[in-house]
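Count along the sequence shown from 1, then add 301; that gives the number in our numbering. Ideal placement from N, C-alpha and C gives every residue a C-beta, glycine not left out. Predicted, not measured: the structure shown is a model, and the values here were computed from it.
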Amino acid sequence: MDNKVLIEIGIKDLQYNLYDVVIRNLRESLNKNFEINNIKYDELKFNYSKNRILFSFSIPEETNISNDIISKIITDSLNKLFIPIKDLEISYYLKDYIIWIQGMRDDLFLNFNEFNISNEKDSNIKFYKMVSIDGYKELLRKNNIIFENDARRNYFITKSNRMAKEYGGILFDSNYLIEKYINAYNLPYPIIKKFDNKLLEYPQKLLIAILLDICNVFPIVNEKNALMPYFIFPVEKHNINNEIKINNIHLEIINTILEVLSKYEKTMEFDYEYYLNKMKKTKLPLEIGTVYDKTLRIKSFAKILGSYLKVGENTIKNIELEADICKLDLATDIVNEMPALKGIIGYLYAKESGFSDIVSNAMYMYYRPRFYYDKMPDTTSAKILSIADKLDSIANMFIYNTLNLKDNLYQTTDIRRKASGVINIIIENKWDLNLSIIIDDLIYTYIKYNNIVMDYKVLKNEIKSFILSKFREELVNKDFNYNSIDNLIKKYPDNISKIHEILVKGEEDE
């Protein structure tokens with residue numbers, strides 16, 4: 302019988318949306334260390350809940366390895382694990398966020414005394430002593446902690462849909478918000494509440510965006526996908542009888558909805574031309590040039606991408622129209638105060654100004670995917686515009702950092718998400734885009750519209766290395782073999798679609 306190993310790490314002060322980065326890097330580090338030490342293992346699985354990361358694996362019974370060696374490998378991996386995210390408040394090393402580590406191999410405790418924990422335990426983060434592997438899972442569950450991500454997700458979705466059904470509705474489809482709940486709660490228990498029916502007179506897309514992206518709650522829709530005056534938000538299960546807490550959350554959500562709608566009405570008092578002119582004067586933080594300058598760059602670059610992809614004349618026309626107005630809402634006060642509404646406000650202005658559905662819908666679709674679980678843009682023009690916009694933002698950040706004497710070694714989570722979006726649009730559509738060539742075009746577009754002097758060869762190498770590094774992370778996250786990934790990136794450094802296709806087909810040695 303195989304030996305089972307379960308390890309738990311207590312985490313403090315690390316953003317929950319970075320747990321996936323930590324797990325991806327830890328998985329690769331453990332794989333490499335086990336391989337170096339010729340240790341056979343199976344089923345390396347990771348789960349996490351609020352302030353906890355747990356991983357388990359099994360070791361074949363015939364494998365002769367001591368518990369001390371297992372502890373040392375895990376300790377070395379944790380000590381060296383680097384978090385490549387810019388502007389982390391405490392540290393770039395995982396070890397500086399760890400407040401405890403415990404583990405077992407079958408019925409024996411693993412010794413982690415060599416791991417130096419510099420943080421004190423937090424009284425708000427409950428520690429439970431591991432006594433046995435199966436018993437520990439049950440102990441956590443009794444204390445309202447389900448550490449299996451899938452089980453926690455299914456628990457919330459099942460209970461939410463059951464509640465929504467009682468009101469004749471269903472949970473609005475939003476994977477990224479579910480994942481946000483899964484990251485931030487040990488056991489998210491759904492609470493259903495209501496808002497005034499009169500608010501349904503406002504545009505449905507606006508209300509849904511306010512609920513999802515501003516209030517971070519789930520809208521309830523009927524079988525025809527029409528919005529109903531109900532929403533669901535989570536509390537930790539141990540708070541389900543805390544009426545004061547729940548009522549305060551409800552009141553805060555209602556007040557936020559009303560406040561945003563009031564700002565929306567003021568925004569719509571000005572016409573399309575007003576904001577089009579305002580774009581030429583509006584500058585964004587950490588951006589080069591005005592919002593209008595950005596639209597010129599995006600339009601030019603998107604048309605170049607369209608020519609490489611040999612899209613039709615109508616698609617090129619849509620790209621031009623979409624690029625002209627895609628940043629208009631960044632000149633509005635409401636988006637300036639609440640950036641999560643960008644795209645939706647642009648959509649509403651485009652509709653009111655008489656643009657086609659394809660162009661209007663592109664105003665919010667081209668921001669996709671915003672997160673790992675977000676939807677992709679639906680139309681070809683919106684996909685191309687999305688790539689152009691995201692690459693423009695990536696180039697802008699590298700150029701801005703260079704001009705302001707800041708290093709480009711690490712990037713923010715926002716820029717990393719944009720790179721992920723570019724990568725996933727390209728591989729999902731199997732687009733044959735040469736990475737070196739499109740980065741050349743990207744930089745040329747900047748030179749054309751901005752008076753910038755710098756070492757363009759260095760800039761190109763930095764941008765390309767960053768995108769390939771993010772691409773590698775995406776592939777490791779999909780459980781492809783990291784040696785195969787590295788070999789293929791070295792062999793086809795300009796064709797991410799080809800690399801992905803080879804890995805999916807398992808044809809590395811073709």
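{"Query": "Status (buried if at least 16 other CB within 10 Å, exposed otherwise) for alanine 689", "Result": "buried"}
{"Query": "Under the three-state DSSP convention, the category glutamate 623 falls into", "Result": "helix"}
{"Query": "Enclosing alpha helix (DSSP H) for arginine 669 [first to last residue]", "Result": "Where arginine 669 is concerned, there is no enclosing alpha helix (DSSP H), given that its DSSP letter is neither H nor E."}
{"Query": "Same chain, Cβ closer than 7 Å to lysine 765, neighbours up to 5 away in sequence not counted", "Result": "Leu736, Ser737, Ile740"}
{"Query": "Nearest neighbour of isoleucine 426, chosen from Lys373, Leu441, Val759, Gly436 [CA to CA]", "Result": "Leu441"}
{"Query": "Sequence ranges, alpha helix (DSSP H) only - wholly within the stretch 366 to 439, length at least 4", "Result": "368 to 381"}
{"Query": "Beta-carbon proximity list for arginine 718, same chain, < 7 Å, skipping 5 on both sides", "Result": "Arg671, Phe672"}
{"Query": "Distance, phenylalanine 356 Cα to glutamate 439 Cα", "Result": "16 Å"}
{"Query": "Closest residue to tyrosine 667 among Asn445, Ile620, Asp303, Gln505 (Cα-Cα distance)", "Result": "Ile620"}
{"Query": "Own chain residues within Cβ distance below 8 Å of glutamate 775, not counting five before or after", "Result": "Ser721, Ile724, Asn725"}
{"Query": "Own chain, CB closer than 8 Å to aspartate 810, minus 5 neighbours either side, in chain order", "Result": "Since pLDDT at aspartate 810 reaches only 49, below the 50 mark, its modelled position is unreliable, and the value read off the structure follows with that caveat. Taken in chain order, the list of residues that qualify is empty."}
{"Query": "Three-state class that DSSP yields for phenylalanine 519 in the structure shown", "Result": "strand"}
{"Query": "CB contact flag (lysine 731, serine 798, <9 Å)", "Result": "yes"}
{"Query": "Simplified DSSP state of lysine 799, which is helix, strand or coil", "Result": "helix"}
{"Query": "Serine 461 in three-state terms, based on DSSP", "Result": "helix"}
{"Query": "Any 3 or more C-beta pairs closer than 8 Å across the stretch 628 to 635 and the stretch 699 to 712", "Result": "no"}
{"Query": "Among Ser433, Phe767, Lys499, the one whose alpha carbon lies nearest that of threonine 713", "Result": "Phe767"}
{"Query": "Start-end ranges of the alpha helix (DSSP H) lying completely within the stretch 461 to 493, minimum 4 residues", "Result": "476 to 485"}
{"Query": "Boundaries (first-last residue) of the alpha helix (DSSP H) holding glycine 607", "Result": "592 to 609"}
{"Query": "Sequence-distant residues of the same chain with beta carbon closer than 8 Å to aspartate 787, five excluded per side", "Result": "Arg773"}
{"Query": "Chain-order list of residues whose beta-carbon lies under 7 Å from that of isoleucine 790 (same chain, five-residue window excluded)", "Result": "Leu769, Arg773, Ile800"}
{"Query": "Sheet register partners of aspartate 658 (DSSP bridge)", "Result": "In the DSSP output, where bridge partners are listed per residue, aspartate 658 has none listed."}
{"Query": "Coil, strand or helix - glutamine 505 by DSSP", "Result": "helix"}
{"Query": "Beta-bridge partners of lysine 806, as assigned by DSSP", "Result": "Looking at the DSSP assignment, lysine 806 forms no beta bridge with any residue, so it has no partner."}
{"Query": "Assigned exposure category for tyrosine 674 - 16 Cβ within 10 Å defines buried", "Result": "exposed"}
{"Query": "Distance between lysine 460 and serine 367 (C-alpha atoms, nearest Å)", "Result": "44 Å"}
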